[in-house]
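Read the structure below first, then the notes.
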Amino acid sequence: MKKRGLISVKIIIIAVIVVAIIVAAGYFLFVYTKLCGDEECFFSGVDNCKRVSFYKEDSQSVWLYSVKGTHDKTSCDVSVGLVKIKQGTVELEKLQGREMNCIVDRGSRTYPEQTLSGCNGMLKEGMQEIIIQRMHNYILQNIGEVKQGFSGI
Numbered sequence: 088m089k090k091r092g093l094i095s096v097k098i099i100i101i102a103v104i105v106v107a108i109i110v111a112a113g114y115f116l117f118v119y120t121k122l123c124g125d126e127e128c129f130f131s132g133v134d135n136c137k138r139v140s141f142y143k144e145d146s147q148s149v150w151l152y153s154v155k156g157t158h159d160k161t162s163c164d165v166s167v168g169l170v171k172i173k174q175g176t177v178e179l180e181k182l183q184g185r186e187m188n189c190i191v192d193r194g195s196r197t198y199p200e201q202t203l204s205g206c207n208g209m210l211k212e213g214m215q216e217i218i219i220q221r222m223h224n225y226i227l228q229n230i231g232e233v234k235q236g237f238s239g240i
């Protein structure tokens, strides 16, 4: 009787170890994202569609880029978040905390927010609203010049 109980305890211990190994392997394969310290590491991740994250900080803002994986043979899925606005208008501060998903070509050396055509999400929509509002304001401020430009057509 003791022998049978000892065997079942060993089986339970082995099963727990196997499950722990499977969970750890799944985490490192599907969840773990390496945090890059420089943009070269990030762009290397884009080249290979490897799961990496990178914080880009300048005098105006802090951005978070996360390569999520392969989109197709020539591009990767990248999540872009505007973490913090350091300097700018109130309308820009409304974008803080928003994210967008972008399709980025492998080998690209430009940041996704510089070409919004491959992106979608709340951050892109907010950026487009600001661009449209600024264009509208510019036209209103320069209506005389715009009118003269159209009269020559």
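When the letters of the sequence shown are read in order and numbered with the numbering used here, they come out as residues 88 to 240. For each residue, glycine too, the CB sits at the ideal point set by N, CA and C.
Pull up the distance between the alpha-carbon of residue 209 and that of residue 181, whole angstroms please.
The straight-line gap separating the alpha-carbon atoms of residue 209 and residue 181 is approximately 11 Å.
May I have a chain-ordered list of the alpha helix (DSSP H) segments no shorter than 4 residues that lie completely inside the segment 188-234?
Fully enclosed alpha helix (DSSP H) runs of 4 or longer: 209-228.
Look at the alpha carbon of residue 95 and the alpha carbon of residue 107, and state the distance between them as a whole number of angstroms.
The alpha-carbon atoms of residue 95 and residue 107 are separated by roughly 18 Å.
Excluding sequence positions up to five away, which residues of its chain have a Cβ less than 6 Å from the Cβ of residue 121?
So the list reads 139, once near-sequence residues are dropped.
Can you check whether the CB of residue 200 is closer than 8 Å to the CB of residue 165?
No.
Give me the residue from 113, 137, 141 with the minimum Cα distance to residue 126.
Residue nearest to residue 126 within the set 113, 137, 141 is 141 (criterion: CA-CA distance).
Going by beta carbon distance, what residues of the same chain come within less than 7 Å of residue 154, once the five residues before and after it are set aside?
So the qualifying residues of the chain are 132, 133, 136, 137, 138, 139, 163, 165.
Here's the rule I'm using: 16 or more other beta-carbon atoms within 10 Å means buried, otherwise exposed. How should residue 88 be labelled?
Confidence is the limiting factor: at residue 88 the pLDDT is only 47, short of 50, which leaves the residue's position unreliable and the question unanswerable from this model.
Which same chain residues, not among the five before or five after residue 178, have their C-beta less than 8 Å away from its C-beta?
Correct list, in chain order: 217, 220.
Report the partner residues of residue 141 according to the DSSP bridge assignment.
123, 152.
Provide the residue span of the beta strand (DSSP E) that contains residue 169, from first to last.
Unbroken beta strand (DSSP E) run through residue 169: 162-172.
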